[in-house]
Amino acid sequence: MQYYGDLLRKLTNSNTTEICEFFVKKCMMNARNHAANEGMKRFFMVCAVSANDGIKELLVKNDLTFSGYWAHRRYFAKVKDAVPVVVKSYLSCLLLVLAAQKELIREKTGLSEAELLHWWCTIFKYTDEDKAHFDKIVKKAGFGEAGVKSIFSELNEICHRQLNGGMEENIPCTEENRDFLLYRVGEDAYRLTLRLREWPGLQS
Numbered sequence: 002m003q004y005y006g007d008l009l010r011k012l013t014n015s016n017t018t019e020i021c022e023f024f025v026k027k028c029m030m031n032a033r034n035h036a037a038n039e040g041m042k043r044f045f046m047v048c049a050v051s052a053n054d055g056i057k058e059l060l061v062k063n064d065l066t067f068s069g070y071w072a073h074r075r076y077f078a079k080v081k082d083a084v085p086v087v088v089k090s091y092l093s094c095l096l097l098v099l100a101a102q103k104e105l106i107r108e109k110t111g112l113s114e115a116e117l118l119h120w121w122c123t124i125f126k127y128t129d130e131d132k133a134h135f136d137k138i139v140k141k142a143g144f145g146e147a148g149v150k151s152i153f154s155e156l157n158e159i160c161h162r163q164l165n166g167g168m169e170e171n172i173p174c175t176e177e178n179r180d181f182l183l184y185r186v187g188e189d190a191y192r193l194t195l196r197l198r199e200w201p202g203l204q205s
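Using this note's numbering, the letters of the sequence shown map in sequence onto residues 2 to 205.
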């Protein structure tokens with residue numbers, strides 16, 4: 002687990018302007034404290050880091066209008082309270098994409114579908130509002146490609162609304178950003194699936 006320990010130390014010691022890392026660090030600590038086995042701990046820690054890195058890439062891609070150390074600190078002060086909503090919205094999309102892997106997840110973590118949902122909400126600090134949002138996107142997913150595009154357009158809107166720092170031109174709601182988020186979450190799910198297949202099962 003050296004890799005995961007290094008990740009946690011990185012998030013603990015990093016610059017405060019890495020806007021998602023405070024909340025993500027708490028989630029990783031929750032995963033470490035609540036996990037019943039190594040597979041469960043790995044699974045939730047990788048999901049947390051995926052959300053952190055995906056949102057960071059979106060911000061880098063959009064080249065925010067704030068430049069310089071102090072401007073970045075002021076930006077962080079404006080958006081820090083909204084960060085958990087953004088991270089959990091990203092994570093909800095990731096969980097939705099991972100639904101097809103529920104048997105693999107059960108094999109490697111020991112969690113049934115109901116247990117996975119319970120611990121997902123516990124470790125990532127979901128409120129009733131977060132749970133309602135997840136239920137809503139699950140319903141949208143039933144509408145095929147149009148539903149999926151709608152889900153990621155909404156994720157783009159949440160990122161824009163919560164992280165623009167008072168500048169409407171930051172993280173605009175565009176097809177390009179929607180498609181980036183769709184691709185990034187899909188890539189996260191794919192990479193995690195490959196890792197899950199490599200991890201030992203609970204009976205190994």
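Where is the CB? At the ideal position from N, CA and C, for every residue including glycine.
Helix, strand or coil at residue i [DSSP, three-state]
i, result
"residue 128", "coil"
"residue 190", "helix"
"residue 219", "Given that the chain is displayed from residue 2 to residue 205, the structure contains no residue 219 and the question cannot be resolved."
"residue 19", "coil"
"residue 85", "helix"
"residue 37", "coil"
"residue 148", "helix"
"residue 93", "helix"
"residue 113", "coil"
"residue 200", "coil"
"residue 55", "helix"
Beta carbon of residue i nearer than 8 Å to that of residue j
i, j, result
"residue 200", "residue 33", "no"
"residue 172", "residue 183", "no"
"residue 125", "residue 28", "yes"
"residue 97", "residue 47", "no"
"residue 143", "residue 37", "no"
"residue 109", "residue 197", "yes"
"residue 106", "residue 118", "no"
"residue 20", "residue 80", "yes"
"residue 190", "residue 65", "no"
Residue i, buried or exposed, once every other Cβ within 10 Å from all chains shown has been counted against 16
i, result
"residue 128", "exposed"
"residue 26", "buried"
"residue 13", "Reliability fails at residue 13, whose pLDDT of 45 lies under 50, so the model's placement of it is uncertain and the value that follows must be treated cautiously. Looking at its Cβ environment, which holds fewer than 16 other Cβ atoms inside 10 Å, residue 13 is exposed."
"residue 82", "exposed"
Does the region 140-154 come close enough to the region 54-73 to have 3 or more Cβ pairs within less than 8 Å?
No: fewer than three Cβ pairs fall under 8 Å.
Assess contact between the region 179-187 and the region 71-89, defined as three or more Cβ pairs (one per stretch) separated by less than 8 Å. Is contact present?
Short answer: they don't touch.
May I ask you to verify whether the region 124-138 touches the region 91-99, counting CB pairs closer than 8 Å and requiring at least 3?
Contact holds: three or more Cβ-Cβ distances are below 8 Å.
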